[in-house]
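Participant: Once you've had a glance at the structure underneath, I'll fire off some questions.
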Amino acid sequence: MKDHLGRCLAEKVRELYKLGENDGDMKPVVAFIDGKPFGRIKDGDAVVFCCKRGEREIQLTEAFVMNDFEKFEVKRFENLDFITLIKYDERFENVKVAFDCPPLEDTLAGILSENGIRQLHIAESEKYAHVTFFFNGRRRSSFPNEDDILVKSPEVDDLSKYPQLSVYELTDLLVKKIETGNYEFILANLANGDVIGHLMEMEPKVECVKHLSSALEKIVDSALKKEYAVLITADHGLIELGMKSLNPPIPNLGHTTNPVPLFLLLPDGELKMRERGILGNVAPTILQLMGIEKPGTMDRSSMLIEKPRRTYKVLLVIMDGWGLGPEDDRNPIYVAKPKFWYYLLKNHRFARLEASGEAVGLMPGRPGNSEAGHMNLGAGRVVIQDEVVIERSLKDGSFSEREAFMKTFNRLVEEGGDLHLITMLSLKSSHGTIDYPLALVEKAKKMGVKNIYIHTIFNRHGVEGSTAAELLEFLDNKLGDFENIFIVTGMGRKWALDRDKHYDRTKIAYDALTFGMGERAVCDR
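Numbering (numbering that gives the first Met the number 0), first residue to last: 0 to 524.
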């Protein structure tokens, strides 16, 4: 078994654990050999960004490929191939894309725009990309007549002390916008259930639920007074399962496969809905409430059984990460029994929507996620997700045969230069897994690429079920007897995958990858 330096980095990571560091927030750890940073990105090399979400990868990619990038000082590469799994941004003209998934046509936001409907999309920083890019079908720019509002999430190290996030600031602003009457459609995301639901502790999850219920009551009351039809649903489950087990106590940190609720509240009575559906049924329901014909590409039907008595303005509230869970003490919603939410459960019928697996275009049995959830909510159909296309290619062996990879590997063999793989250090993340770099390593080595350097991004602490240190050793073992393949960087996702314009964080990731700045892991052999 060859030494791929994974154990060296793992040893340094364990030292940092003892100093209070955690995986997701860990500043870069860089391999040093003979007193110098080893395996840095340089001219003549090629980089594959092995992540597939599309929104968290943009800032770091900008620093490498945008000629007019000025957020911080960067090295101007003259000959650097940069490949992404999917298209991150239309501005990246010189980036090669392995799996080019085009924007969706005939999304809800697009249809409303074509009909001259003025619309508002509002969310906290954590979910702004979801109410814009993903809800609009992978479209970067807003539609005509669409206003987008970002409410800053709190910038704190310990979110357990801020389970309310910025929900009250968002609520106050949203209510003001509702009261203007200027918008015929409003999309609002309440992020807390997903953000706080990933924490270890049960108490902030319970408090988060209480805050959300209070905010929701104020929003709904305002909207009904202004004659809006109010739809309340979620993009996937999470907060409804705070604990996998109470005895022994095992926190749940990951998304669930539970269905999510769909409430319809009207200012003038009720309309009967079907009892079950999927997220793709929501957009056709909204169009029916607004009296707009749905296009043929929206192949899902409305949830309404009764024909609306009139047309409505519509408010769609997405309770991010709020599924229908067990009615016991594992469920923070059950523990909190928040007043307004329980009022809704008692006094209004609701439908159950499937929000995971094949119902949202994911692999069978796969928990839902915010990207798939928002895309399906806005599309009115089942949107096959990038991960399914990519996973199928892994199974049939065509993943590493993509033209973007083949041409780049050939260039490296002919002209020299090293291959760099930036990857999530994960077995299950929606951003990507180590299966991607492993497939590329095998292909590149068969084609004769000499040196391959792997730069890892650590997931949120505890989400993987294994620590980053353990996963570094696991990846090292998986690389087997391949020659000249080295794991040379590890860093928390906070730095490499920021999407909130904190370019000071992006700089830390870039400087590690390019200049070797970070915690030194001395790997002399």
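Glycine included, C-beta positions come from ideal geometry on N, C-alpha and C. In this text the structure is predicted, and so the values were computed from the model without any measurement.
Could you have a look at L36 and say whether DSSP puts it in helix, strand or coil?
Facilitator: As a working mapping, residue 36 is identified with position 37 in the sequence shown. The question names Leu, but residue 36 in the sequence shown is Pro. Here P36 sits in strand by DSSP.
Participant: Whole angstroms is fine: what's the gap from T370's alpha carbon to D523's?
Facilitator: Taking the first residue of the sequence shown as position 1, residue 370 is located at position 371. Taking the first residue of the sequence shown as position 1, residue 523 is located at position 524. Note that residue 370 corresponds to Glu in the displayed sequence, not to Thr. Each residue's alpha carbon lies about 42 Å from the other.
Participant: Got a sec: is the Cβ-Cβ distance from K17 to anything in chain C below 8 Å?
Facilitator: Of the protein chains in the structure, only one exists, and it is not chain C.
Participant: Report the residue from S159, L376, A511 and M405 whose alpha carbon sits nearest the alpha carbon of I453.
Facilitator: By one-based count along the sequence shown, residue 453 stands at place 454. Comparing Cα positions, the closest option is A511.
Participant: Within this structure, are the beta carbons of A228 and L265 separated by less than 8 Å?
Facilitator: In the sequence shown, counting from the first residue as 1, residue 228 sits at position 229. In the sequence shown, counting from the first residue as 1, residue 265 sits at position 266. The answer is yes: Cβ separation under 8 Å.
Participant: For T83, which three-state DSSP category applies?
Facilitator: Within the sequence shown, residue 83 is the residue found at index 84, counting from 1. If DSSP states are grouped into helix, strand and coil, T83 belongs with the strands.
Participant: Going by C-alpha distance, which of P294, Q118, K224 and A128 is nearest Y182?
Facilitator: Position 183 of the sequence shown, counting from 1, holds the residue named residue 182. Comparing Cα-Cα distances from Y182 to each of P294, Q118, K224 and A128, the minimum goes to Q118.
Participant: Can you give me the C-alpha to C-alpha distance between E269 and L263, rounded to a whole angstrom?
Facilitator: Along the sequence shown, read from residue 1 onward, the residue named residue 269 stands at position 270. Along the sequence shown, read from residue 1 onward, the residue named residue 263 stands at position 264. Going from the Cα of E269 to the Cα of L263 covers about 8 Å.
Participant: Between the region 484-504 and the region 455-473, do at least 3 Cβ pairs fall closer than 8 Å?
Facilitator: In short, these stretches touch, since the Cβ pair count reaches three.
Participant: If I measure Cβ to Cβ from V448 and keep anything under 7 Å in the same chain, skipping five residues before and after, which residues do I get?
Facilitator: Numbered from its first residue, the sequence shown carries residue 448 at position 449. Closer than 7 Å at Cβ, skipping near neighbours: F408, L411, V412 and L418.
Participant: By Cβ distance, which residues of its chain are closer than 8 Å to G236, with the 5 residues on each side in sequence left out?
Facilitator: Position 237 of the sequence shown, counting from 1, holds the residue named residue 236. Once the five neighbours on either side are set aside, the close Cβ partners of G236 are H254, T255, T256, N257, P258, V259, G320, W321, G322, L323, G324, A354, S355, P366 and G367.
Participant: For G38, which residues from the same chain have a beta carbon less than 6 Å from its beta carbon, with the 5 sequence-adjacent residues on both sides left out?
Facilitator: As a position in the sequence shown, residue 38 is number 39, starting the count at 1. Only Y452, F485 and V487 meet the Cβ criterion.
Participant: For L186, collect the residues of the same chain with a Cβ closer than 6 Å to its Cβ; drop the 5 residues on either side in sequence, then sort them by chain order.
Facilitator: Residue 186 sits at position 187 when you count from the first residue of the sequence shown. H120, V130 and L315.
Participant: Looking only at its own chain, which residues have a Cβ that is under 6 Å from the Cβ of M0, when we skip the five neighbours before and after it?
Facilitator: Walking along the sequence shown from the start, residue 0 turns up at place 1. Caution is warranted here: a pLDDT of 46 is assigned to M0, below 50, making its placement in the model unreliable, and the coordinate value is therefore given only provisionally. Nothing meets the Cβ criterion.
Participant: Using the three-state DSSP reduction, which class does F184 fall into: helix, strand or coil?
Facilitator: Here residue 184 corresponds to residue number 185 of the sequence shown, with the count starting at 1. The answer is strand: DSSP assigns F184 an E or B state.
Participant: Using only CA atoms, which one of L343, E239, E274 and P307 lies nearest to Y333?
Facilitator: Reading the sequence shown from its first residue, position 334 is the one you call residue 333. The shortest C-alpha separation from Y333 is found at E239.
Participant: Considering only DSSP beta bridges, list what V28 is partnered with.
Facilitator: Stepping through the sequence shown from its first residue, residue 28 is reached at position 29. V28 pairs with G489 and E518.
Participant: Less than 8 Å between the CB atoms is what I'm expecting for F132 and E54, so what's the real figure, rounded?
Facilitator: By 1-based counting over the sequence shown, the position of residue 132 is 133. By 1-based counting over the sequence shown, the position of residue 54 is 55. Indeed they touch by this definition, with Cβ atoms about 6 Å apart.
Participant: Tell me whether E154 sits in a helix, a strand or coil according to DSSP, three-state version.
Facilitator: The residue given as residue 154 occupies position 155 in the sequence shown. DSSP places E154 in coil when its eight states are reduced to three.
Participant: Is the Cβ-Cβ distance between F184 and K345 less than 8 Å?
Facilitator: One-based indexing of the sequence shown puts residue 184 at position 185. One-based indexing of the sequence shown puts residue 345 at position 346. Contact: no.
Participant: According to DSSP, what are the bridge partners of H454?
Facilitator: Sequence index remark: in the sequence shown, residue 454 carries index 455 (1-based). For H454, which the question treats as bridged, DSSP gives the partners I421 and T488.
Participant: Run the CB neighbour count on H347, radius 10 Å, all protein chains shown included, and call it buried at 16 or more, exposed below.
Facilitator: Taking the sequence shown and counting its residues from 1, one reaches residue 347 at position 348. Its Cβ having fewer than 16 others within 10 Å, H347 is exposed.
Participant: Looking at K444 and S399, is the spacing between their C-beta atoms short of 8 Å?
Facilitator: In the sequence shown, the residue the question calls residue 399 occupies position 400. In the sequence shown, the residue the question calls residue 444 occupies position 445. No; because the gap between Cβ atoms is not below 8 Å, this pair is not in contact.
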